[in-house]
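S.K.:
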Amino acid sequence: MRFSQVLPGTLTVLLLSTLMLGGCTPKITQEQLQRLRELRAQERQLTQNIQQKEADKGRLQREISSRQGELGQCQDKKRFVQEKLAAWPNVWPNYTPPSAQDTVAAPGVEVRTGKKPR
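Our numbering applies: residue 1020 is where the sequence shown begins, and numbers increase by one.
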């Protein structure tokens, strides 16, 4: 019994609320449509900017790694020179300079000492 009394009232409320909500649906205005188009164009531009910056970032990272490689080579050379300077004057212990007796001039070859004859 009670169900038969509540059912017509519930259906009436449901029908009226559906009509109200259906009639009040918002429609987009020309200003909103124009703003939406502007925002989409701005989004495309920003997406292009992001892609360009990511490409620049990749290029710069490759350049940095190249420069770091060059820096490593320079540091190796510097370390080598510093080791040799620390051991100076005996930098190459296996090397024995030629003595005056070891240097024999070939016959017919004049040895110049860099001094002017008197």
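All C-beta atoms, glycine included, are put in the ideal place defined by N, C-alpha and C. Remember, predicted model here, so these are calculated numbers, not experimental data.
Where do the ends of the alpha helix (DSSP H) carrying A1074 lie?
M.R.: From DSSP, the alpha helix (DSSP H) with A1074 extends over 1049-1105.
S.K.: Identify whether T1115 lies in helix, strand or coil by the three-state DSSP scheme.
M.R.: T1115 falls in the coil class under three-state DSSP.
S.K.: So what does DSSP say about P1027, is it helix, strand or coil?
M.R.: Looking at P1027 - three-state DSSP - the assignment turns out to be helix.
S.K.: Could you check the C-alpha separation between A1105 and F1099 for me, to the nearest Å?
M.R.: Their Cα atoms are separated by approximately 10 Å.
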